[in-house]
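Chemist: In this note's numbering, the protein residues as written are 436 to 603.
Ideal Cβ placement from N, Cα and C applies to all residues, glycine included.
1. Looking only at its chain, what residues have a beta carbon closer than 7 Å to the beta carbon of residue 438, apart from the 5 residues adjacent to it on each side?
2. Between which two residues does the alpha helix (DSSP H) containing residue 595 stretch?
3. Since residue 584 is in the alpha helix (DSSP H), which residue starts that stretch and which ends it?
4. Would you check whether the ligand GTP has a heavy atom nearer than 7 Å to the C-beta of residue 449?
5. Going along the chain, which residues of its own chain have a beta-carbon closer than 7 Å to the beta-carbon of residue 513, five neighbours each way excluded?
6. Kindly indicate the opening and closing residues of the alpha helix (DSSP H) around residue 530.
7. Where residue 589 and residue 467 are concerned, what is the direct C-alpha to C-alpha distance, given to the nearest angstrom?
8. Contact between the stretch 564-575 and the stretch 527-539: three or more CB pairs below 8 Å?
Here it is, written out as structure tokens:
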């Protein structure tokens, strides 16, 4: 059965409203994963819920392996999104006690987040320029340049928005 994105979001919203790790939440998350095994938000929430559902004495390697599989699936299905990478990094750090693996995942998440921020700011500067909101565009361009001083993408957005040299 294929569910629409709206249906999946509604089910996920219901799951989020439940107590973390409760039997009902786990059941609902399993239903979502059955409908769409690659739905990353459900995979991330399910991994946390599985960990919370176990008593400290009852956590076994089987549960950890299942959670790790869900997190790897989330990373793969998301195209290695920062959010999914961070979920796996936390798991590797806290549960697997592998700071080396966590470090690599956190670095990748950080780099991908910065790329997304650069692209987002470029688009925002262009959109503000199109609306002649030059003061706000100039302020954001200045802030963006502090973080990305060599960005061609931001320079292009700056030119597109027809901002003066004070924002460089």
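Modeler: Taking the definition as stated:
1. Locating residue 438 in the chain shown gives position 3, counting from the first residue. If we look at residue 438 and ignore the five residues flanking it on each side, its Cβ neighbours are 470, 471.
2. By 1-based counting over the chain shown, the position of residue 595 is 160. Looking at the DSSP string, the run of the alpha helix (DSSP H) that includes residue 595 is 587-595.
3. Here the question's residue 584 lines up with position 149 in the chain shown. Counting along the chain, residue 584 falls outside any alpha helix (DSSP H), and DSSP gives it neither H nor E.
4. The ligand GTP is not among the ligands present in this structure, which contains no ligands whatsoever.
5. Counting from 1 along the chain shown, the entry for residue 513 is found at position 78. So the list reads 475, 519, once near-sequence residues are dropped.
6. Counting from 1 along the chain shown, the entry for residue 530 is found at position 95. That residue, residue 530, is in no alpha helix (DSSP H); it is neither H nor E in DSSP.
7. The residue labelled residue 589 in the question sits at position 154 within the chain shown. The residue labelled residue 467 in the question sits at position 32 within the chain shown. Residue 589 and residue 467: Cα-Cα distance of roughly 40 Å.
8. Short answer: they don't touch.
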